[in-house]
Each structure stands twice: as C-alpha cells, then as structure tokens.
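Accompanying notes for the structure given below.
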Amino acid sequence: MVDSAPSCSDSPSILENTDDSVWDLETFILWIDVRKYWIEDTVEAEERFAKALTLVAPEEQTSLRRFHFRRDAAQHLASLLLQHLVICQLADVPWVESRVSRTLMGRPFHEQARFDYNVSHHSGRVAIGVRVADQRHIGIDVVDPEDATRNWKPGWIDDFHDIFTESEYAQILRDGKKEDGITKRRLFTYWALKEAYTKATGIGLVSDLKSIEFSKVEDVDINEKPYTRSTICKVNNGLIDWRFEIFALEGGLVLASATTNEGLFTQTATTVKEIDFDYITKIAVQYHLPTALTQNVV
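Here it is as structure tokens:
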C-alpha cells in the first residue's frame, strides 16, 4: 500500500497533546482541516498530496486520481485516511490490512469490526464519527453554512419547503429574518441533523424528509467553542430513542451526530477532537508499515 511515508510539518499532533484519548470512548468524532495540507495551489501542497497518496491502497490511489478538482480529491483522501486510522486503532489490524468495504447503499464499514463509523466532509474539512458497540450505528454530517450559500441567489431559503416541516420552518425563521447568518446556521443545523439520521440508519436520502421532524434545536453559537447542544426527533410522528447532538467547530462549521441511545452507558456529550496529518502518519508507521520507511517520518 505504501511507497514512502510523508510528513507535513514538525509540529506535534493535536490529538497526541491532549490529556485524554478517544480510543476507549463509546462515541467520538475526529476531524481534520485538509485545506492547509493539500488544497492550496502550491508546489509544496502538490508534494504533500503525492506523498499522502502513498498511505492508501493502489486501487484507492487510482480512484483519487480521477477527481477533476483538487479539493474533492483531498477531501476524499482525508476521509480514507481517517477510516484507516480508526480501523487500525479499534480493530487492531495492520495499516495495510485496514480495508474499507461498502454496503449496497455505498456506506463504508470494516467487515470484522465491532464498531460503526460514518464520514462526512464539506468545504475542506473532513470528519469521522465512531460508535463502539455491536449492532449500534452512528451518522454524522458536517456543513459550512456560509460556504454552502456563497453563490446562491436571493430567495434560496424558500426552496426548502419540501424538506422541513411547518414547525421546523417556523423555528428556522423565528426571528422573522431570512438569509442572515443566524438563520443560515439554523437551517443547515436542521439539515445536518436529518442527514446524520438517514446516514446512521443507512437509508440515504429519503423521499420525504418531512417524515423526520426535529424540535428543541437550539442555536449553534459559532463564538462559543467547544459548543454542544442536544435535541429530540420524531419519525412519522413518533418519538425515537436516539441521541442527537450539534457541535460548532472552528471556522463556523456545524456538525451534527445521530446514534441510538440503546447501549450507551453515559449521558455526557460525545467527544470531538481535531487531529492533524502528522498524527495519522505516526499511527500508520506504528501499525506495521515497512521499517525502512520510518526513518523518513518525523
């Protein structure tokens, strides 16, 4: 799978410097900002991207080279690396054996894992949510409201009537304003929650998103970090026993997660941590990359 092991900088890992580890938790979310590594139109970014490709399997490299835009390729590469990282750590398999399989609906998973995971990306940021339990699922969705609406025409908010219930729509517009910053975050918070639920259940985009209705969704304040709020959900007018959480990340990013309450032993908020590429490289080396490569890794 690997020809050489890359290093992006001499800076220590964000995750490595924290006092607690996520790997023993029931649920957690890791995310990475790939814009500073591979998306810039520079020679250094090109070299880093080429080296990062060596950490994934040849068939994955071939798939990544088909992307027309570097941002899309970079986000997909980061998603693959996060999946390999989680599989290595939780399934305790060598990096070269951390194969990613997919369901008929295209949902990624590891065949021998006793955990579930889900990935999401938007605007150069990539996240993976993990639920460690048999037959338990997790779904996540991440979105940058400002970037998502950057080129949309005035009046775009009216196009969401087929997605939100009247109650949801009233909550989104409860200030009587349209398309301001707070309203954008509200709308995409509701959207991310619906996406997270459908991804957790593995049903993908359903034909009637109004059958999924959220209430008590508090505003995500981008100035208060870390920021977490919980909410409740009805599906076909019936309450479901799920945990839904909303997080505000750096740069105005909104992240939503959905997982069943069944089997959870704690009511504390899901842990969310940012990691960097050096940490992923370090784990890849620790999980049995060829010894000759380790001398090139900081």
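Start counting the sequence shown at 27; every next residue gets the next number (my numbering).
Note that beta-carbon positions come from the ideal geometry of N, C-alpha and C, so glycine has one too.
Ignore the nearest five residues each way along the sequence and tell me which others in residue i's own chain have a CB closer than 6 angstroms to its CB.
i    : result
Q87  : L79
R140 : D160
T44  : In this predicted model, T44 has a pLDDT of only 41, less than 50, meaning its place in the structure is not dependable; the value taken from the coordinates is given anyway. Cβ neighbours of T44 beyond the five flanking positions: none.
I183 : K204 and E205
K260 : E239
S35  : Because the pLDDT of S35 is 35, which lies under 50, any placement of that residue in the model is unreliable, and the number read from its coordinates should be weighed accordingly. Cβ within range, chain order: n/a, list empty.
F93  : A99
F273 : T254, L281 and V298
Got a sec? Which residues, its chain only, sit under 8 angstroms from residue i by beta carbon, not counting five neighbours each side?
i    : result
N287 : D267, W268 and R269
G264 : none
L209 : The sequence shown places Thr at residue 209, rather than the Leu named in the question. I183, I198, L199, D201 and K203.
Can you tell which of the options has the C-alpha that lies nearest to the C-alpha of residue i?
i    : options                   : result
D173 : I238, D50 and G278        : G278
L281 : Q293, S256, L265 and D304 : S256
N9   : E271, S283 and F240       : Residue 9 lies beyond the stretch modelled for the chain, which goes from 27 to 324, so this question has no answer here.
D304 : K77, F95, H94 and V298    : K77
R74  : K62, Y253 and D98         : K62
R176 : H94, E300 and S149        : S149
V112 : Q138, D247, H94 and R96   : Q138
R96  : L108, W64 and P120        : W64
E66  : D98, E85, T209 and D142   : D98
L275 : H110, Q109, V246 and F93  : V246
D302 : E85, A153, R212 and D50   : A153
K308 : G264, D50, L81 and E72    : L81
T285 : G228, E300 and G264       : G228
Can the beta-carbon of residue i be found closer than 8 angstroms to that of residue j?
i    : j    : result
A226 : H163 : yes
E194 : Y216 : yes
L116 : L103 : no
A222 : V169 : no
G165 : T224 : yes
L106 : I306 : no
F135 : P171 : no
Would you mind giving the Cβ-Cβ distance between residue i and residue j, rounded to the nearest angstrom? I have them listed as a contact below 8 angstroms.
i    : j    : result
K236 : I258 : Not quite, the Cβ-Cβ distance comes to about 17 angstroms (not below 8 angstroms), so this is no contact.
N144 : G155 : 5 angstroms
A100 : V48  : So it is not a contact: roughly 23 angstroms between Cβ atoms.
R157 : W57  : Not quite, the Cβ-Cβ distance comes to about 16 angstroms (not below 8 angstroms), so this is no contact.
Shorter than 7 angstroms, the distance from the beta carbon of residue i to the closest heavy atom of the ligand HEM, or not?
i    : result
F186 : With respect to small molecules bound, the structure shown includes none, and the ligand HEM cannot be examined in it.
Return the chain-ordered list of same chain residues with a C-beta closer than 7 angstroms to the C-beta of residue i, the five sequence neighbours on each side being excluded.
i    : result
K220 : L235 and I238
F291 : E52
T296 : T53, F54, I55, E271 and S283
V119 : I113
G289 : A159 and R162
V69  : none
Counting pairs of beta carbons, one from the stretch 183 to 197 and one from the stretch 123 to 131, are three or more of them closer than 8 angstroms?
The stretch 183 to 197 makes no contact with the stretch 123 to 131, as fewer than three CB pairs between them are under 8 angstroms.
Should the stretch 304 to 314 be called in touch with the stretch 196 to 203, which here means at least 3 C-beta pairs below 8 angstroms?
Counting Cβ pairs under 8 angstroms, fewer than three are found: no touch.
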